[in-house]
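Protein chains in written order, with our numbering: chain F, 1 to 232; chain G, 1 to 386.
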Amino acid sequence: MELVAEGLRKALQLILALDPEVLGITLLSLVVSGAATAISVVVGISTGTVIALNRFPGKKIVVSLVNTGMGMPPVVVGLFVSIFLWRNGPLGFLGLLYTPAAIVLAQTVIATPIVMGITIGAMQGLPSSMRLQILALGATRTQMVWMLVREARLPLLAGVMAGFGGVISEVGASIMVGGNIRGSTRVLTTATVMETGRGNFDVAIALSAILLAVTLLVNYLLTVVQQRERPR
Amino acid sequence: MTAPAILEARGLRVERGGVAVLDIPSFRLEEGELASLIGPNGCGKTTLLLSLMCLLPRISGQVLWRGTEIATGRDAIACRRRMAMVLQEPLLFQATVYENVASGLRIRRLPRREERRKVMAYLERFGLAAFAQRSARKLSGGEARRVSIARALAVEPEVVFLDEPFANLDPPTRQAITEDLERTIRETGAAAILVTHDQSEALRMSDRIVVMHRGAIVQSGAPAVVLNEPANEFVANCMGMETIVEGVVARRTDGEIVMSVAGCEISAIGEGSPGDPVYCCIRPEHVTIDIVNPAGSSSARNVFEARIASVSSVGPYLKVKLDCGFPLVATVTGESFTTLGLARDRGVFASFKATAVHVIRRGDVGHPLARAGGPDSLPSTGRGDR
Numbered sequence: 001m002e003l004v005a006e007g008l009r010k011a012l013q014l015i016l017a018l019d020p021e022v023l024g025i026t027l028l029s030l031v032v033s034g035a036a037t038a039i040s041v042v043v044g045i046s047t048g049t050v051i052a053l054n055r056f057p058g059k060k061i062v063v064s065l066v067n068t069g070m071g072m073p074p075v076v077v078g079l080f081v082s083i084f085l086w087r088n089g090p091l092g093f094l095g096l097l098y099t100p101a102a103i104v105l106a107q108t109v110i111a112t113p114i115v116m117g118i119t120i121g122a123m124q125g126l127p128s129s130m131r132l133q134i135l136a137l138g139a140t141r142t143q144m145v146w147m148l149v150r151e152a153r154l155p156l157l158a159g160v161m162a163g164f165g166g167v168i169s170e171v172g173a174s175i176m177v178g179g180n181i182r183g184s185t186r187v188l189t190t191a192t193v194m195e196t197g198r199g200n201f202d203v204a205i206a207l208s209a210i211l212l213a214v215t216l217l218v219n220y221l222l223t224v225v226q227q228r229e230r231p232r
Numbered sequence: 001m002t003a004p005a006i007l008e009a010r011g012l013r014v015e016r017g018g019v020a021v022l023d024i025p026s027f028r029l030e031e032g033e034l035a036s037l038i039g040p041n042g043c044g045k046t047t048l049l050l051s052l053m054c055l056l057p058r059i060s061g062q063v064l065w066r067g068t069e070i071a072t073g074r075d076a077i078a079c080r081r082r083m084a085m086v087l088q089e090p091l092l093f094q095a096t097v098y099e100n101v102a103s104g105l106r107i108r109r110l111p112r113r114e115e116r117r118k119v120m121a122y123l124e125r126f127g128l129a130a131f132a133q134r135s136a137r138k139l140s141g142g143e144a145r146r147v148s149i150a151r152a153l154a155v156e157p158e159v160v161f162l163d164e165p166f167a168n169l170d171p172p173t174r175q176a177i178t179e180d181l182e183r184t185i186r187e188t189g190a191a192a193i194l195v196t197h198d199q200s201e202a203l204r205m206s207d208r209i210v211v212m213h214r215g216a217i218v219q220s221g222a223p224a225v226v227l228n229e230p231a232n233e234f235v236a237n238c239m240g241m242e243t244i245v246e247g248v249v250a251r252r253t254d255g256e257i258v259m260s261v262a263g264c265e266i267s268a269i270g271e272g273s274p275g276d277p278v279y280c281c282i283r284p285e286h287v288t289i290d291i292v293n294p295a296g297s298s299s300a301r302n303v304f305e306a307r308i309a310s311v312s313s314v315g316p317y318l319k320v321k322l323d324c325g326f327p328l329v330a331t332v333t334g335e336s337f338t339t340l341g342l343a344r345d346r347g348v349f350a351s352f353k354a355t356a357v358h359v360i361r362r363g364d365v366g367h368p369l370a371r372a373g374g375p376d377s378l379p380s381t382g383r384g385d386r
């Protein structure tokens with residue numbers, strides 16, 4: 001217990017002292033996971049909507065693949081992104097391996113199926129006659145899709161939260177494609193792993209506390225938006 | 001040449017899973033006409049409405065808007081923007097009542113000021129002004145129905161489709177909504193199709209009744225014709241066996257009105273002032289047949305000399321069609337029929353109580369053609385292209 005108390009005290013110190021290194025790591029975590037979430041929201045919601053609203057052969061297979069992707073282990077994603085970005089890999093010429101961009105890429109691959117899967121569920125959860133009702137009001141197809149997305153906005157926000165939660169807490173892919181390089185690709189999770197390995201439990205606890213606080217804050221903000229939108 | 005119908009379908013055929021669910025060689029909806037669509041569940045009523053809105057893929061056929069075929073998707077959207085549909089479910093959006101009613105106008109990209117004016121007018125008209133900022137998901141069934149109707153009519157459509165808009169409503173709410181709706185449709189001069197299961201509603205509101213069965217139209221005509229001269233057994237069962245005759249209120253006394261029907265006078269309990277056009281509905285089981293005149297020895301207020309026009313067997317009893325100057329149907333058991341020595345062409349006395357007559361007010365405007373030209377005189381917008 002002393003360890004925990006000591007860790008929390010240390011965490012408070014690091015935060016209050018605005019330790020530049022910890023601040024940098026926290027900021028990088030937020031930027032990288034935020035960017036990955038943003039990309040996956042754009043790709044996931046648009047593709048998920050297209051999948052949900054259209055009938056095509058093999059739709060069941062596509063949907064089950066997306067659903068499987070929702071639970072994809074980050075280390076597997078890390079492995080494949082590493083292979084792609086490897087010097088001799090297909091995208092090796094980009095020189096992205098061990099840069100923050102590589103982490104963004106890997107995290108996007110992790111978050112996209114989560115957002116897409118929840119989008120498909122949310123759009124299919126709307127009454128099927130809703131589409132007819134919107135078209136009967138004189139909407140074009142684009143207007144209809146837009147109105148349906150608006151109708152599904154509460155579960156879609158849950159999808160955004162799930163996507164962000166999945167990548168901010170992920171460590172396997174970040175460490176594999178980012179390399180946990182100090183001042184460059186070190187994020188909260190990889191730093192925690194490292195400090196724990198070194199036996200610096202106090203620092204590790206501090207970093208974990210910051211990670212929890214950051215996740216809590218972001219999800220709280222999203223929840224406020226979601227609940228404000230909820231019908232009163 | 002006849003004027004083109006506001007909406008017309010030719011050779012319409014819709015299939016589902018290879019089976020025809022709709023097969024309409026020809027259907028016309030005239031300007032300003034209010035038609036009721038009647039038929040059992042699954043007979044294609046909703047499918048017909050959706051097809052007329054070009055919302056369903058069809059195997060063959062054309063839909064024409066004022067004589068011009070709706071050929072492309074662009075045409076269909078343009079035409080849909082001059083129509084409106086109220087589906088069986090209110091299907092409101094997760095937004096305020098105001099935003100729901102505004103949605104059709106926003107789709108049409110109306111300027112905000114005009115949108116506001118129209119939304120407020122229709123909220124007012126349907127008694128929803130106090131709910132404007134309330135969430136649509138927190139409304140009662142009747143309120144939600146009002147919002148969905150206001151949403152459809154706020155775009156000031158020229159054709160309105162109402163797919164059982166009053167289903168699952170308690171009678172007072174139903175009546176209130178029906179009145180508001182009917183008034184609005186008549187005032188705007190829109191043509192409308194009302195899908196209903198309630199024949200008295202169809203009688204009261206419509207200029208024409210269309211009966212559907214298994215994806216086809218089996219009869220279409222003025223209410224009194226469809227009711228009294230059903231094209232076949234199916235239509236007869238669908239409409240009920242009631243005798244329905246047109247009449248006019250002649251005078252009223254304490255709680256009782258006397259109607260003039262084909263030169264005869266029928267007494268009934270009800271409201272109405274002299275001159276009001278009405279339908280008198282009499283159920284056949286309420287009609288008694290006597291050999292001798294029962295007047296004076298019976299409590300029945302309505303006694304008529306009649307002639308037996310025809311007799312047919314309907315299950316356990318006989319259906320006797322009488323001619324009293326107006327048509328009247330009575331049901332009697334086979335035993336009574338033999339005991340009384342009834343036969344075709346025999347003269348008898350038909351009687352029924354004043355309380356057995358169900359009086360329905362007829363639409364004030366009567367024949368659809370009487371209202372032609374009405375819409376043009378209205379100060380509505382977006383119709384200058386007629």
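For each residue, glycine too, the CB sits at the ideal point set by N, CA and C. Here the structure is a predicted model, which is why all the values come from computation and not from measurement.
Under 7 Å Cβ to Cβ from residue i, same chain only, skipping five residues before and after it: list those, please.
| i | result |
| --- | --- |
| F:Gly166 | Ile110, Ala111 and Ile114 |
| G:Ser260 | Gly247, Val248 and Ala250 |
| G:Arg66 | Pro4 and Ile6 |
| G:Thr355 | Ile269 |
Is there a C-beta anywhere in chain F that falls below 9 Å from the one on residue i?
| i | result |
| --- | --- |
| G:Gly382 | Any reading at G:Gly382 needs caution, since the residue's pLDDT is 36, under 50, leaving its predicted position unreliable; the model's value is listed next. No - not a single Cβ of chain F is within 9 Å of the one on G:Gly382. |
| G:Glu114 | no |
| G:Val147 | no |
| G:Val14 | no |
| G:Gly104 | yes |
| G:Glu156 | no |
| G:Met120 | no |
| G:Ala84 | yes |
| G:Glu89 | yes |
| G:Leu7 | no |
| G:Phe93 | yes |
| G:Arg151 | yes |
| G:Arg66 | no |
My understanding is that residue i touches residue j, with C-beta atoms under 8 Å, so please give their C-beta distance in whole angstroms.
| i | j | result |
| --- | --- | --- |
| F:Ile45 | F:Leu156 | 6 Å |
| F:Met256 | F:Gly48 | One cannot answer for residue 256 of chain F here, as it falls past the ends of chain F, which runs 1 to 232. |
| F:Val42 | F:Gly117 | Not a contact, Cβ separation roughly 16 Å. |
At the 9 Å Cβ level, is residue i part of the contact set with chain G, yes or no?
| i | result |
| --- | --- |
| F:Pro113 | no |
| F:Pro127 | yes |
| F:Gly233 | Past the edges of chain F, shown from 1 to 232, lies residue 233 of chain F, and the structure says nothing about it. |
| F:Arg228 | no |
| F:Arg182 | no |
| F:Leu154 | yes |
| F:Gln124 | no |
What number of angstroms, rounded off, separates the C-alpha of residue i from the C-alpha of residue j?
| i | j | result |
| --- | --- | --- |
| G:Asp180 | F:Thr215 | 53 Å |
| F:Thr142 | F:Leu135 | 10 Å |
| G:Val195 | G:Asn41 | 11 Å |
| G:Arg252 | G:Ala268 | 10 Å |
| G:Ser310 | G:Ile289 | 14 Å |
| G:His213 | G:Arg145 | 27 Å |
| F:Pro90 | F:Val171 | 24 Å |
| F:Val104 | G:Ile59 | 50 Å |
| G:Arg125 | G:Ile70 | 33 Å |
| G:Leu110 | F:Val177 | 52 Å |
| F:Leu221 | G:Ser200 | 56 Å |
| F:Val145 | G:Ala76 | 17 Å |
| F:Ile181 | F:Ile205 | 20 Å |
| G:Arg307 | G:Ala300 | 19 Å |
| G:Thr243 | G:Val359 | 12 Å |
| F:Val225 | F:Val22 | 29 Å |
Can you say whether residue i is buried or exposed, counting buried as having 16 or more other CB atoms within 10 angstroms of its CB?
| i | result |
| --- | --- |
| F:Leu27 | exposed |
| G:Thr333 | exposed |
| G:Arg112 | exposed |
| G:Ser36 | buried |
| G:Val365 | Reliability of the predicted coordinates at G:Val365 is poor, the pLDDT of 38 falling under 50, and the value obtained from them is presented with this limitation in mind. Its Cβ having fewer than 16 others within 10 Å, G:Val365 is exposed. |
| G:Thr188 | buried |
| G:Leu378 | Because G:Leu378 sits at a pLDDT of 34, beneath the cut-off of 50, its placement in the model cannot be relied upon, and the point is left open. |
| F:Phe84 | buried |
| G:Phe93 | buried |
| G:Thr46 | buried |
With a threshold of 8 Å on Cβ separation, who are the neighbours of residue i within its own chain once the five nearest residues in sequence on each side are excluded?
| i | result |
| --- | --- |
| G:Gly263 | Gly325 |
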